[in-house]
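Report on the following structure.
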Amino acid sequence: VVDKSGHSAATKAALDTSHFWMPFTDNKAFKSNPRIFASAEGMHYTSSDGTRILDATAGLWCVNAGHARREIADAVTRQIANLDYAPTFQLGHPLPFELASRLAGIMPDGLDRIFFTNSGSESADTALKMSLAYHRARGDTGRFRFVGRQRGYHGTNFGGTSVGGIGGNRSPFITQLWGVDHLSHTQGNAVRFQRGMQPGNEALADELESLIALHGGETIAAVIVEPVAGSTGVLIPPQGYLQRLRDITSKHGILLIFDEVITGFGRLGAATAAGHFGVTPDILTMAKGLTNGAIPMGAVAARTGIYDTVLDSVQSGIEFFHGYTYSGHPVASAAALATLKIYEDEGLFQRAAALAPVWEDAVHSLHDAPHVADIRNLGLVAGIELAPREGAPGARGTAAFQAAFESGLLIRTTGDIIAMSPPLIISEAQIEEITGKLRAILETLR
Ligand code: PLP
7 VVDKSGHSAA TKAALDTSHF WMPFTDNKAF KSNPRIFASA EGMHYTSSDG
57 TRILDATAGL WCVNAGHARR EIADAVTRQI ANLDYAPTFQ LGHPLPFELA
107 SRLAGIMPDG LDRIFFTNSG SESADTALKM SLAYHRARGD TGRFRFVGRQ
157 RGYHGTNFGG TSVGGIGGNR SPFITQLWGV DHLSHTQGNA VRFQRGMQPG
207 NEALADELES LIALHGGETI AAVIVEPVAG STGVLIPPQG YLQRLRDITS
257 KHGILLIFDE VITGFGRLGA ATAAGHFGVT PDILTMAKGL TNGAIPMGAV
307 AARTGIYDTV LDSVQSGIEF FHGYTYSGHP VASAAALATL KIYEDEGLFQ
357 RAAALAPVWE DAVHSLHDAP HVADIRNLGL VAGIELAPRE GAPGARGTAA
407 FQAAFESGLL IRTTGDIIAM SPPLIISEAQ IEEITGKLRA ILETLR
């Protein structure tokens, strides 16, 4: 098979898979039966054996404008030829300034100071450090604690792992940030087959008051949550919950961080989940859809007051001892600017909002398919929870993932939960194709 760039895509037999230590992968299982992509375009991947695979996950929640966008490829190519790399420590080039202005324009009001990173994990850790820097700059040095949430995912660096609520990501590594607590997650068992957000459970946010009573609100620097938790299986917040978190954090001088690495850039039908829910955090993290997944890049938006406070606390010299060699990388910035232009020119956030009810009906049509224990959705996201096999949790999810791949459909599974988040360019016919394929898979699945 020869891919679009003219490289011959190694066939399974020819590929030496031994040296790549693959991330979040069952390396032994994968290498005994590799699934290799050769190319991608629009809504589809093509595998190394030439099979077209409908992408129901936008890669890893990131290819929101669809694959292999010419505009992004052209912008990247031009930028590498013109200015391949330039540092942003005490130096600059126009693109990250331009990109920061563009991003400030689509962030919730007041979140208009943008720090660049290379990933969602770096964005999470940057947001945590930013909140510590802010409190210290105000002379409020007693705030060192963070509050995250069970089943939260904030990437894999030490800060994000610590505030994250996934045991399997934390326990192997022993060392965690000190002084971190977790709220309960928001997925109750009472409501099944929930369409969108449901009322009645916002009091879960009051657990934060309990933690404040326990530790003293004056010791807590920030609370970090995903507005909709994605990685652990699509957990939709109860109506009013995020606003309640906002009210409690504001009352106690605690910063609220929304991790919008998944929810940003149209996933819920708006530029940000904050905009969708009408709840404004103090700090908002991004990555993934920022460059349509084409070049690694992340960003953190902070309230103007946070930036001003940190800057004003130092008479001269570096104000925030933090940054990355590739913060505001020219090629990543060019990719992001081209991506934002596509989102705007094609009205993709609005398109996602318009498709959301169609998506909701389609995914919920699977409620009577075999093994389906729960379905939940919001925007262009859906989680389909399968009943676990007796004594083998996760096995049915893995089997569903493999069967889907073999039938030309890319889904993502977390344990026994199928998570889907298609590119925002998906057509109604492709939505039907996804649910049709899923039903057929579930009907033959053990
Ligand atoms: N935060 C959230 C909410 C995510 O979903 C992810 C990745 O899925 C991350 C952070 C980590 O992003 P990255 O893998 O780019 O480091």
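Quick note on numbering: the sequence shown equals residues 7 to 452 in UniProt numbering. Note that the Cβ used here is the ideal one computed from N, Cα and C, for glycine as well.
- So is the beta-carbon of H328 under 8 Å away from any non-hydrogen atom of the ligand GDP? No copy of the ligand GDP occurs in the structure displayed; its ligands are the ligand PLP alone.
- Cβ-based neighbour list, S339, same chain, cut-off 6 Å, excluding 5 preceding and 5 following: L101, P102, L105
- Task: Under 8 Å by Cβ, that's how I've got A406 and L392 pegged, so tell me the actual separation to the nearest angstrom.
- Result: 7 Å
- Where N39 falls: helix, strand or coil (DSSP): coil
- Task: Let me know the secondary structure DSSP gives V7 once reduced to three states.
- Result: Caution is warranted here: a pLDDT of 48 is assigned to V7, below 50, making its placement in the model unreliable, and the coordinate value is therefore given only provisionally. V7: coil per DSSP, three-state reduction.
- With distances taken Cα to Cα, identify the nearest neighbour of A451 among I440, P428, P394, E439. First, the amino acid is wrong: residue 451 is Leu here, not Ala. Checked all of I440, P428, P394, E439; the closest Cα to L451 is P394.
- Message: Could you tell me the alpha carbon to alpha carbon distance between V91 and V378, rounded to whole angstroms?
- Response: Reading the sequence as shown, one finds Tyr at residue 91 and not Val. One C-alpha to the other measures close to 49 Å.
- Distance, R309 Cα to R357 Cα: Taking the Cα positions, R357 is about 28 Å away from R309.
- Query: Is it the case that the CB of K294 approaches a heavy atom of the ligand PLP more closely than 8 Å?
  - Reply: yes
- Around the C-beta of R149, are 16 or more other C-beta atoms found within 10 angstroms, so that it is buried, or is it exposed? Here R149 is buried. Its C-beta has 16 or more other C-beta atoms within 10 Å.
- Query: Starting from T52 and walking both ways along the beta strand (DSSP E), at which residues does that stretch end?
  - Reply: For T52, the uninterrupted beta strand (DSSP E) run begins and ends at 50–53, by DSSP.
- Query: Run through DSSP, which three-state label would H373 get?
  - Reply: helix
- Coil, strand or helix - A231 by DSSP: The amino acid occupying residue 231 in the given sequence is Val; Ala does not appear at that position. V231 falls in the strand class under three-state DSSP.
- Message: Within 10 Å of its beta-carbon, does T181 have 16 or more other beta-carbons around it, so buried, or fewer, so exposed?
- Response: exposed
- Give a single yes or no on whether G304 has its beta carbon closer than 8 Å to a heavy atom of the ligand PLP. yes
- Message: For the ligand PLP, is there any heavy atom lying closer than 8 Å to the beta carbon of Y349?
- Response: no
- Message: Our contact map puts T192 next to L217 with C-beta atoms below 8 Å; I'd like the distance itself, whole angstroms only.
- Response: Contact doesn't hold; Cβ gap of about 16 Å is too wide.
- Message: With distance defined between alpha-carbon atoms, name the residue in F411, S433, E438 nearest to R41.
- Response: F411
- Message: Going by DSSP in three states, Q356 sits in which element: helix, strand or coil?
- Response: helix
- Item | Proximity winner among H73, S24, L189, relative to P243 (alpha-carbon distances) | L189
- Message: Here's the rule I'm using: 16 or more other beta-carbon atoms within 10 Å means buried, otherwise exposed. How should E438 be labelled?
- Response: exposed
- Task: Could you tell me the boundaries of the alpha helix (DSSP H) in which D131 lies?
- Result: 126–143
- Query: By Cβ distance, which residues of its chain are closer than 6 Å to V7, with the 5 residues on each side in sequence left out?
  - Reply: Because the pLDDT of V7 is 48, which lies under 50, any placement of that residue in the model is unreliable, and the question is left without a value.
- Task: In the DSSP assignment, find the alpha helix (DSSP H) that holds I312 and state where it starts and stops.
- Result: 310–318
- Item | the ligand PLP heavy atom lying under 8 Å from the CB of H160 | yes
- Item | Cβ neighbours of I440 in the same chain (closer than 6 Å, five flanking residues each side left out) | A62
- Between N298, V240, I78, L296, which lies nearest to A388 when the distance is taken from Cα to Cα? Out of N298, V240, I78, L296, the CA that lies nearest to the CA of A388 is found in V240.
- At a cut-off of 8 Å, is S137 close to the ligand PLP when judged by its beta-carbon and the heavy atoms of the ligand? no
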